Structure formats: structure tokens, C-alpha cells
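At the far end of the sequence shown sits residue 1207, using my numbering, and the numbering has no gaps. Every residue, glycine too, gets a C-beta built ideally from N, C-alpha and C. Remember, it's a predicted structure, so these values are computed and weren't measured experimentally. Have a look at the structure below before the remarks.
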Amino acid sequence: MDRLKNIRFVLSNTSHPGNIGAAARAMKVMGLDNLHLINPTDYPSAEATARASGADDVLYAAEVHEGLDQSIAPCTLVMGTSARNRGMDIEVIDLETAAKMLVQAAQQQQVALIFGKERYGMTNEEMQRCHYLVKLPANPEYSSLNLGAAIQVAAYEIRMKCLEGQVVVANNENIEVPFANAEKMHSFYEHLFGIMHQVEFMHADNKKSLEEKLRMMFNRLRIEKHEMDILRGFLSAVNKNIKK
């Protein structure tokens, strides 16, 4: 069950402190304790502590971040909870599949599951940081889950995948794949977009669209570390020649 230590639940811009406490409780019941908060409206909070109902250790150990990129920096697999992709080219998978993938990757890497703001869910910008979006198995005629309930369902499914022992390594092959983590991808995007701006391929009119499309393209590819080294080396060579 050590894999659970590598699975972080990220709550973005949570409005109600009670939901943070409920999240801590839901996670601890299922053996998860890696909680990350992005700009919570009210935290620390007595209400959060009360709703944690004994999961104070998970609550107090929660890390608070100013932005999404910080919260997922070391993660090589990032998923977001959303029933739809809003027209963006991001694959939507079911929770059971997502849990299996997260548990498998967590054997060797840090991974993240993101939950958006209570009322609006995930923003487009947050979705662009995700390799996959996860649809919870709710009633299609009434699919509105509150945040605490959504976290409980996701935590339960992840624990079940650990208990079932469904991760199989064929022929004793080392499953570790050295993917570039979110921090390296963020640095790469800054480098890439900067070069595109310098050569006047990116400008005010197409900046947002290009950034969105490129992020989603590289998310689908899931770049490995050695591939990232090649890309960064190429960009550095381009930058050097631009300055000549």
C-alpha cells in the first residue's frame, strides 16, 4: 500500500473549509494522506478541523500552493475530475480505468488527481495540465456530486485497485518509465513559447490557442526524460542561432 503515498489529491480554490476537512476524512479512511490545496478561501479553519473528524493529521499535513503548477510539479501523471472536456482534445476515461493507471504509475512515480472548485469545477487552464480527465460513475440524470462525496468515491476506487493487486509486471520487467514531470514540462513550455515569440510565430492573436493546443499535444505524447533533453537541447540551439 506504499503506492498510496505517491498519489496526491489536489483541491483547487476550495470555497468552503468544511469540504477540506471532509476531503481529509475521506482520504484517511482509504489510506491516502497526500493532500494539496491551491489557494483555499479559508484555511486553516476550525470548521475544516471539525469536519475532518479525527483525520487531523492529514489535514494539518496538507500543503498549500499559490498555483496549480506548483501543486503538481513532481508528478509524471496528472488527471482531473470532469465529466466533459469542453471541446478540448483531452481523453475522458472512467474512474476504474483512472484508478488502475494511477496505482500502477504510483509504484515508481508521483501522480495527481485534481478536483476543481465546488461550483464551477475545473477551469480550462487546469484541464490543459491533465493527461486525462476522469468521469465518475454517477447517475447521468443527476450527476451532481458534492466535493466531499466525489473525493470519497475516487479514494475508494483507488484503494480497491491497490487491494486487488491488479498491477502486473510482465516477465519481471521494470515498469518504471522516466517520464518528464510537470515541473520539467512547465519549464519546457516557457522555453518553447519564448522561442516561438522570438521568431514571431506566436503573437497576441494566436497565443492562447497555440499554447492550449501544444499543451494538449504533449500531454497525449507523455514525454520521457531523454526525449525532453533532446527537445530542450534543440530549443537552446535555436535560441543561440537567433542571437547571432
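Distance between beta carbons of residue j and residue i, contact taken as under 8 Å
i: residue 1097; j: residue 1061; result: 4 Å
i: residue 988; j: residue 1015; result: 5 Å
Contact check, residue i vs residue j, beta carbons under 8 Å
i: residue 1078; j: residue 974; result: yes
i: residue 997; j: residue 1029; result: no
i: residue 1095; j: residue 1035; result: no
i: residue 1165; j: residue 1156; result: yes
i: residue 995; j: residue 983; result: no
i: residue 1202; j: residue 1158; result: yes
i: residue 1093; j: residue 967; result: no
i: residue 1185; j: residue 1073; result: no
i: residue 1055; j: residue 1047; result: yes
i: residue 993; j: residue 1118; result: yes
i: residue 1191; j: residue 1143; result: yes
i: residue 1110; j: residue 1081; result: yes
i: residue 1148; j: residue 1197; result: no
i: residue 1051; j: residue 990; result: no
i: residue 1160; j: residue 1195; result: no
i: residue 1005; j: residue 1012; result: no
i: residue 1032; j: residue 1145; result: yes
Residue i CB to nearest heavy atom of the ligand ATP below 7 Å
i: residue 1095; result: This structure lacks the ligand ATP, and indeed carries no ligand of any kind.
Cross-strand partners of residue i (DSSP beta bridge)
i: residue 1038; result: 1073
i: residue 1043; result: 1077, 1096
i: residue 1057; result: 1098
i: residue 1006; result: Residue 1006 pairs with nothing; no bridge assigned.
i: residue 973; result: 999, 1077
i: residue 1142; result: 1187
i: residue 1084; result: 1080
i: residue 1105; result: 1102
Chain B within 8 Å of residue i, Cβ atoms only
i: residue 1083; result: Here there is only one protein chain, and chain B is not present.
Does the stretch 1049-1069 come close enough to the stretch 972-982 to have 3 or more Cβ pairs within less than 8 Å? no
Write down every uninterrupted run of the alpha helix (DSSP H) in the stretch 1149-1198 whose length is 4 residues or greater and which is fully enclosed by it, in chain order. Those alpha helix (DSSP H) runs which fall completely within the stretch 1149-1198 and span 4+ residues are 1170-1184.
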